[in-house]
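Protein chains in written order, with this note's numbering: chain D, 1 to 602; chain Y, 1001 to 1115; chain U, 2001 to 2108; chain V, 3001 to 3262.
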Amino acid sequence: MIEHEVIIVGAGLAGSWTAMVAGQRGVKDIGVLSKIHPLRSHSGAAQGGIAAALNNARPVAGTGPRGPLEPVPQGEDPPDSPELHMFDTIKGSDWLGDQDAIEIMVNEAPEIIYAYEHMGCVFSRLPDGRIAQRRFGGHSAPRANYAADYTGHVLLHTIHEQALQHGVEFYSEWYCMDLLVEDNVCRGVVAMDVLTGEIHTMRAKAVMFGTGGYGRAFEVTSNAYANTGDGVAIAYNAGVPLMDMEFVQFHPTGLYEHGILMSEACRGEGGYLTNSEDERFMERYAPDKMELAPRDLVSRSEQTEIDEGRGIGPDGKGIYLDLRHLGAEKIKARLPQIRELAIDFVGVDPIDDPIPIQPTAHYSMGGIPTDADGQVIANADGQVIADADGTPVVGFYAAGECACVSVHGANRLGTNSLLEASVFGRRAGHAIADFVQNGAELHPVTGDPAERNRQRVARLMDGAGSESVEAIAQELKQTMTDDCGIYRDKERLAQAMQHVGEMQERFKDARVMDKSKRFNTDVLAAFETEHLLTFSEVIVAGALAREESRGAHYRTDFPKRDDEGWLKHTVAHKGEPGEGPRLSDKGVNIDWDRFPPQERKY
Amino acid sequence: MYKSTGFISFVLRRLTGVALVIYLFLHMWVIGSVNSGSEAFDARLALVQTPIFKLAEIALLAAVVYHAFDGIRLLIVHYVGVTEYRKSLFYAAFAVAALLTIAGGIPILLFAFQG
Amino acid sequence: MRIFQMQRYSAIALLVFLTIHMIVVHYPPFHVDFTRIIERMGQPLWKAIDIAFLFFVLMHALTGTYAVIIDWERFYAYRRELVGAAALIFILAFVYGARTIWAFQPPA
Amino acid sequence: MTTNGSRPRMVTVRVQRFNPDVDEKPYFDEFQVELTPAKTILDALHEIKTAQDGSVTYRRSCRHAICGSCAMYVNGKNILVCNTPLRDKIDEEGTVTIRPLPYLPIIKDLVVDRSSFWEQYERVKPWLIPSADVPEKEFRMSSEEVAALNKAETCIMCGACYSACQVIAMNKRYVGPHALLKAFLRVLDPRDMAPSERLADVGDQDGVFRCHTIFNCIDACPKDLDPTKAIETLRKLAQKRQAFEAARRDRQRMLNEPIASS
Ligand SMILES: Cc1cc2nc3c(=O)[nH]c(=O)nc-3n(C[C@H](O)[C@H](O)[C@H](O)COP(=O)(O)OP(=O)(O)OC[C@H]3O[C@@H](n4cnc5c(N)ncnc54)[C@H](O)[C@@H]3O)c2cc1C
Ligand code: HEM
Ligand code: SF4
Ligand code: F3S
Ligand code: FES
């Protein structure tokens, strides 16, 4: 049996921050598990930027919302503020974001950026040497701090390298498959060393999940193969409820047929969206913000264009992203990766031709409910602890995309999630250090949890089952895209609910082709598919229950937001076998004096 | 084996370098015989004036010029930092070396057959 | 680093000396004989040039050989011995070669 | 181009297989995959794994050339399979041959053991060593300084360069192009406090002076980076450490000041 003071699952920005901070705070024995090498984590794929009101750049006066930017001269009034950032985030979240958490995030944002800068991130710069900033959808000031269009890559490498220094032990290519919770106390995890196929019980005083997003439940997605929402499903299986799972963000500009992200920076830098009639259709949907309206709105507008027959491409499911007017120089300097991707994957050089794109599943707003210190605020009986007096799952923390604090509410603004993963990853690090240093103990586990999981593997390998894992995964993605995608309604959701249930049944008969122990990615894919099935059911259940339209969740049968009935978080916890998720809810933290709900218009 | 112009040039450079080292010591031994008087010297020299050795001399010439121009190429890369021209520089070095070998080799051959 | 520098600087020096050597000694590739060589080598300036040439060519050859050998992981542990051997060979060969050059006397 | 109705064009994909637990030596398996315009080699592998033989093993994650998982040796070249169209790699016989990165121990099929690669990466202390007293806001850096670092910073640690380098093939003590590129990134960063120690570290015969300027690293790099140039720069700097250190100290005195516009 392996023992550590702290075990962190996930080495993206969230997990790495927690590891680094805990290490800096003197926690001696930290183990970080990642199913892929830490530097391969999907945080590295983020392109556009990370938000913070640094007040380095401002629009040139009188040029409007799309005009050029200039450095803010020293000593002049700051055009931006955390307060404004807070408002934009709340509005973006369609008032479902918890305002206390949002306030913490926007206030710590500048500090986080400077911390990254001091640790060696090579941000793009203004002529006077300050960090450059650009516009991003839904933000009313240029506050996306960036490193060309590989911001996430730079942040991830920087933070991983800093964490390396602090005696953190990395378990690279270890796959976490089980969370050990007994009597509301978290005791560790079970994980497979992928190289050898051995399954180990790993005990720890505190466990932190930073396992990232789950876009892989959809057919077209910007997410990596690894983004299968394992952490979310594992926690749910251990009895921890999930919050707001129905809110899945579709990004308006995924590469046509591939889903690979064309960063929002394309629009931030001034790109146009056009339909088959060569028309900038955003004029109809968001005349003011145009292409820079928030993602949910732009994606829906695109989908409407497509549904009404003005799409492009052989199947008419695409839209054009036109960058040509930016000119070769700007494209090469500001969007080099975008250009490379467009050339490699669809054979289009954005300097000469518009890029075919389509909406793509991108970000999961929901997840494991936590407080602002990363402490999971639900107990294993499926109750969410609304205030600090309850007993949450002791020693269990989460941050980043797998968690739901919730700062994004019903819709995340671009650049806010790198920020979220950093801010709350860091806070979780401090909270864990406090927890461990105040005398937390290593708790025993009953039985042999590793054995239980060995049997799961054995069943996949030797069972008499006949179902193909891949076939089920494909079917699930299709169902989720068609029936639980950008536009939803009761009928299709009910159908999806039933369908997912059937697939879960069928999965019991699934078997893998690769029977070897060593580096068996076939077994991993089976576990991942099982996890997809687990939380997809929660997404559908939440979407079916929420009879309103808010943020990324759009019901054609309930097209209006309903604050009376639904200004609350959905909480789902696992029911008895054969029964779907049990739903309850949790109030939203709103400062009614400062930021009362308004109509969300762009 | 990871084949590329860089790899080919590297292997050739190594082979020619080592060959030249061997030749160098052989050469010193031959010339060194002056210490033992002119007969000894002429005797050793005669050894290396046979037609076979004339052919070997062409190989030697080829080795020297290739090694030298490849060396120049590396020195250029080091001092000027023009890695983007690595391929053209290789072809250039190779071509110049081949030309010089031919230019130098023909007289040697002529001479060898004249006896 | 020192070995690298020795090799690179000697390479540059060789560029000069080898060119001279090739032109003077091997170009017109006519019959090389004792008298012709003796004639040239008898002059003090040529002696100096040849000794310098010898110095650099040995330096370059031995550092090069050293580099070739330690690229091979197995010999990595014997770096000190290799450097020692190279130094020894350098001295022996240099003395032997220098003596040769020195020994050329203008024909009486 | 295949037009509608005509027979799909099939491509033979030869995959090197090897499971050290059961196989004595590597062998090849052949698979047939339909050629479509948008299909990448990774897509083809995915198709093979999910529909034909689930035991074919390889690494991948991001599928758009940013995570560095999927470097392999295809038709004699190291590439990322995720951003390479299948159509670009079909040889005269209509086949595509996929093998693991050369010169590294094979874990299984196309998965190699990169331990030496990561050890060398950690050996150069890839983290920035910041000043003890940091300003309240950001350090000031000029766009030129940022541009100089750009070409090192986009390295995705895929190992294509490392496993193409002949020196690595002979000698795993060599630090390797990827780690030297990282060292370059830190040495040239005006904010780093220990450039001189770094130069001493990589300026030895296992470091920059072991490189024989073979250039395979440049040829192999899927991100168009230039480790050779970085190595040459470090070589020069290592030979004039003192001067560089002094210049760095001067620069660091100005780190909190606005860059003067020229
Ligand atoms: C293409 C793309 C572009 C984006 N661009 C932006 C942007 O410009 N700005 C912005 O703010 N946000 C952006 N985002 C969102 C942002 O990148 C993510 O939300 C954020 O990086 C998530 O970080 P994380 O640390 O939570 O998870 P990740 O970085 O995804 O890390 C997850 C970690 O968990 C590990 N893991 C998962 N499951 C297991 C398991 N079972 N066992 C062991 N380890 C496991 C993985 O190995 C990995 O290390 C983008 C997202 C995508 C997909
Ligand atoms: C004009 C003449 C020459 C030039 C410009 C030259 C240049 C070079 C250079 C730049 C290298 C460095 C290779 C590296 O770092 O990998 C080298 C290597 C070498 N040279 Fe020369 N050289 C010349 C003549 C010679 C001669 C006359 C000999 C033999 C006596 C020789 C023997 C070697 C050897 C053995 C190596 C090592 C090979 C290797 O590391 O691959 N060189 N040369
Ligand atoms: S330098 Fe290029 S080839 Fe080498 S690891 Fe980095 S990205 Fe890969
Ligand atoms: S291939 Fe190797 S030898 Fe040097 S130039 Fe590149 S590191
Ligand atoms: S899959 Fe990430 S680089 Fe190819």
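Beta carbons are placed, not taken as given, at the ideal position from N, Cα and C, and that holds for glycine.
key: Cutoff 8 Å: I2003/U Cβ touching any chain V Cβ   = Yes, its Cβ sits closer than 8 Å to a Cβ of chain V.
inquiry  = Counting C-beta neighbours from all protein chains within 10 Å, is the total for N438/D 16 or more, i.e. buried, or is it exposed?
reply    = Classification for N438/D: exposed.
query = For Y2096/U and chain V, any beta-carbon pair shorter than 8 Å?
reply = Not one chain V Cβ lies under 8 Å of Y2096/U.
request  = Grab the span of the alpha helix (DSSP H) containing G565/D for me, first residue to last.
outcome  = Counting along the chain, the alpha helix (DSSP H) containing G565/D begins and ends at D563 to W566.
message = With three or more beta-carbon pairs closer than 8 Å as the criterion, would you say the region 296-304 of chain D touches the region 327-337 of chain D?
response = Touching, no, given that fewer than three Cβ pairs across the two stretches are closer than 8 Å.
task = Would you please state the rounded distance, in angstroms, between the beta carbons of L13/D and L156/D? I believe it to be under 8 Å.
result = About 6 Å separates the two Cβ atoms, so the contact holds.
task = Alpha carbon to alpha carbon, how far is I90/D from E579/D? Give it in angstroms, no decimals.
result = C-alpha separation (whole angstroms): 35 Å.
ask   = Leaving out the 5 sequence neighbours to the left and right, which residues in its chain are closer than 6 Å to L180/D when beta-carbon positions are compared?
value = So the list reads R187, G188, V445 and P449, once near-sequence residues are dropped.
inquiry  = Under DSSP, the alpha helix (DSSP H) around S337/D begins and ends at which residues?
reply    = Note that residue 337/D is Gln in the sequence shown here, rather than Ser. Its alpha helix (DSSP H) spans residues P336 to V346.
inquiry  = Check for me: the beta strand (DSSP E) holding L33/D runs from which residue to which?
reply    = Here the beta strand (DSSP E) through L33/D covers I30 to S34.
inquiry  = Give me the pocket residues for ligand 3, defined as CB within less than 7 Å of any heavy atom, sorted by chain position.
reply    = Output, sorted by chain position: G3068/V, A3071/V, C3155/V, I3156/V, M3157/V, C3158/V, G3159/V, A3160/V, C3161/V, Y3162/V, P3177/V, H3178/V, L3181/V, C3217/V, A3220/V, C3221/V, P3222/V, K3223/V, L3225/V and P3227/V.
query = Does at least one heavy atom of ligand 5 sit under 7 Å from the Cβ of A3065/V?
reply = Annotation for A3065/V indicates a beta carbon within 7 Å of some heavy atom of ligand 5.
ask   = Given a threshold of 16 other Cβ atoms within 10 Å of its Cβ, counted over all protein chains shown, does H325/D qualify as buried or as exposed?
value = Exposed: under 16 other Cβ atoms inside 10 Å.
query = Helix, strand or coil: which one does DSSP assign to Y2125/U?
reply = Outside the displayed span of chain U (2001 to 2108) sits residue 2125/U, for which this structure offers no information.
inquiry  = For a quick check, are the C-beta atoms of G97/D and P294/D less than 8 Å apart?
reply    = For G97/D and P294/D, no; Cβs fall outside 8 Å.
request  = Report yes if the C-beta of V3167/V is less than 7 Å from at least one heavy atom of ligand 7; otherwise report no.
outcome  = No copy of ligand 7 occurs in the structure displayed; its ligands are ligand 1, ligand 2, ligand 3, ligand 4 and ligand 5 alone.
task = Show which residues of chain D have a CB atom less than 7 Å away from the CB atom of E3138/V.
result = Chain-ordered, the chain D residues with CB closer than 7 Å to the CB of E3138/V read Y114, E117, R130 and I131.
ask   = Going by the beta-carbon positions, is the gap between G215/D and I3066/V smaller than 8 Å?
value = For G215/D and I3066/V, no; Cβs fall outside 8 Å.
key: Beta-ladder partner(s) of Q3016/V, from DSSP   = F3028/V.
ask   = Closer than 8 Å, CB to CB, is A2108/U near chain Y or not?
value = Per-residue confidence for A2108/U stands at a pLDDT of 39, beneath the threshold of 50, marking its modelled position as unreliable; the derived number appears in the next sentence. No, A2108/U does not count as interfacial toward chain Y.
message = Quick check on the DSSP output: the beta strand (DSSP E) that includes T3097/V runs from which residue to which?
response = Run containing T3097/V: T3095 to R3099, per the beta strand (DSSP E) assignment.
task = Have a look at R582/D and H3178/V and give me their C-alpha separation to the nearest angstrom.
result = Answer to the nearest angstrom: the Cα atoms are 51 Å apart.
ask   = Going straight from the alpha carbon of L164/D to that of I30/D, what length do you get?
value = Here the alpha carbons of I30/D and L164/D stand approximately 11 Å from one another.
query = Say the cut is 7 Å; is the CB of S3324/V nearer than that to a heavy atom of ligand 5?
reply = The structure shown does not extend to residue 3324/V, since chain V is modelled only from 3001 to 3262, so the question has no answer here.
query = Taking 7 Å as the line, does the beta carbon of T3213/V fall inside it for any heavy atom of ligand 4?
reply = Because some heavy atom of ligand 4 lies under 7 Å away, the Cβ of T3213/V counts as near it: yes.
request  = Name, in chain order, the residues that DSSP records as bridge partners for K3077/V.
outcome  = In the DSSP output, where bridge partners are listed per residue, K3077/V has V3074/V.
message = To be precise: take each residue of the region 3235-3249 of chain V, compare its Cβ to all Cβ atoms of chain U, and keep it if any distance is under 8 Å. Which residues remain?
response = Taking 8 Å as the Cβ-Cβ cut-off against chain U, the residues of the region 3235-3249 of chain V that qualify are R3235, A3238 and Q3239.
query = S3069/V: which of L39/D, V72/D and L69/D sits nearest, CA to CA?
reply = Of the candidates L39/D, V72/D and L69/D, the one whose C-alpha sits nearest the C-alpha of S3069/V is L39/D.
query = Quick one, which of E3034/V, A3147/V, K3223/V and R3249/V has its alpha-carbon nearest G3159/V's?
reply = Looking at the Cα atoms, K3223/V is the closest of the given residues.
query = For the region 3117-3134 of chain V against the region 3234-3246 of chain V, are there 3 or more C-beta pairs whose distance is under 8 Å?
reply = No contact exists between the region 3117-3134 of chain V and the region 3234-3246 of chain V.
ask   = What are the boundary residues of the beta strand (DSSP E) that includes K586/D?
value = For K586/D, the enclosing beta strand (DSSP E) has its first and last residue at R582 to G587.
inquiry  = Does the region 3097-3110 of chain V come into contact with the region 3017-3036 of chain V, if we say contact requires no fewer than three beta-carbon pairs (one atom in each stretch) closer than 8 Å?
reply    = In the pairwise beta carbon analysis, the region 3097-3110 of chain V is classified as touching the region 3017-3036 of chain V: at least three pairs are separated by under 8 Å.
inquiry  = Please return the same chain residues whose Cβ sits closer than 6 Å to the Cβ of S3116/V, not counting the five positions on each side in sequence.
reply    = Here the set comprises K3172.
inquiry  = Just checking: is the beta-carbon of G1006/Y within a distance shorter than 8 Å of some beta-carbon in chain V?
reply    = Yes, G1006/Y lies at the interface with chain V (some Cβ there is under 8 Å from its Cβ).
query = If we count the other Cβ atoms within 10 Å of its Cβ and call it buried at 16 or more, is Y1079/Y buried or exposed?
reply = With fewer than 16 Cβ atoms within 10 Å of its Cβ, Y1079/Y is classed as exposed.
message = Would N3075/V pass as an interface residue toward chain Y - the criterion being a Cβ-Cβ separation below 8 Å?
response = Cβ-Cβ to chain Y under 8 Å: no for N3075/V.
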